[in-house]
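Engineer:
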Amino acid sequence: IKGHEHLACSVLWSLDGSHLFSGSWDCTIRKWDSVTGDPVGEPWQGHAGTITLLALSLDGTRIASASGDRTTRFRDTDSGSQVGEPLEHKSAVCALAFSPSGEFI
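Numbering (full-length UniProt numbering), first residue to last: 1 to 105.
1. Would you grab the beta carbon distance between residue 87 and residue 72 for me? Rounded to a whole angstrom, and I think it's under 8 Å.
2. Going by C-alpha to C-alpha distance, which of 4, 103 and 92 sits closest to residue 22?
3. Taking just the CA atoms, how far does residue 90 sit from residue 34?
4. Report the partner residues of residue 32 according to the DSSP bridge assignment.
5. For residue 26, collect the residues of the same chain with a Cβ closer than 7 Å to its Cβ; drop the 5 residues on either side in sequence, then sort them by chain order.
6. Can you check which of these residues, 19, 15, 44 and 41, is closest to residue 58 by C-alpha distance?
7. By alpha-carbon positions, which one of 81, 79, 53 and 85 ends up nearest to residue 98?
8. Between residue 62 and residue 44, is the Cβ-Cβ spacing less than 9 Å?
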């Protein structure tokens, strides 16, 4: 997949397998068509550091991303729009997962 300005650090599939999502050293998330490999829309921006982790909600509607900027951000998987305010951390996030209910990260 070509489209990031730097290496991709994390990749995950949509629940139906139609899309891939990638987080990169270029501080962006990209959505890709899994059949053609083409990017879907523009890169999703907002982090100020390398995106190291991605997690998909169990219903497939949200992506959480963790970054070297010590924040976790949430996005709608269809539009890429940020959902809510970022969570700020005192140190790097080493793991990321949604609870089964989707209520907690």
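Beta carbons are placed, not taken as given, at the ideal position from N, Cα and C, and that holds for glycine.
Structural biologist: Per the coordinate set shown:
1. To locate residue 87, count along the sequence shown from 1; it is residue 87. To locate residue 72, count along the sequence shown from 1; it is residue 72. Indeed, because the Cβ distance is near 4 Å, the residues count as touching under 8 Å.
2. Here residue 22 refers to the residue found at position 22 of the sequence shown. It is 4.
3. Locating residue 34 in the sequence shown gives position 34, counting from the first residue. Locating residue 90 in the sequence shown gives position 90, counting from the first residue. Pairing residue 34 with residue 90, the inter-Cα distance amounts to about 36 Å.
4. The sequence position of residue 32 within the sequence shown is 32, counting from 1. In the DSSP output, where bridge partners are listed per residue, residue 32 has 20 and 39.
5. Position 26 of the sequence shown holds residue 26. Excluding residues within five positions, the ones whose Cβ falls inside 7 Å are 4, 5 and 6.
6. Counting from one through the sequence shown, the residue named residue 58 turns up at place 58. Per the Cα distances, 15.
7. Walking along the sequence shown from the start, residue 98 turns up at place 98. Relative to residue 98, the option among 81, 79, 53 and 85 whose CA is nearest is 53.
8. Mapped onto the sequence shown, residue 62 falls at position 62. Mapped onto the sequence shown, residue 44 falls at position 44. Contact: no.
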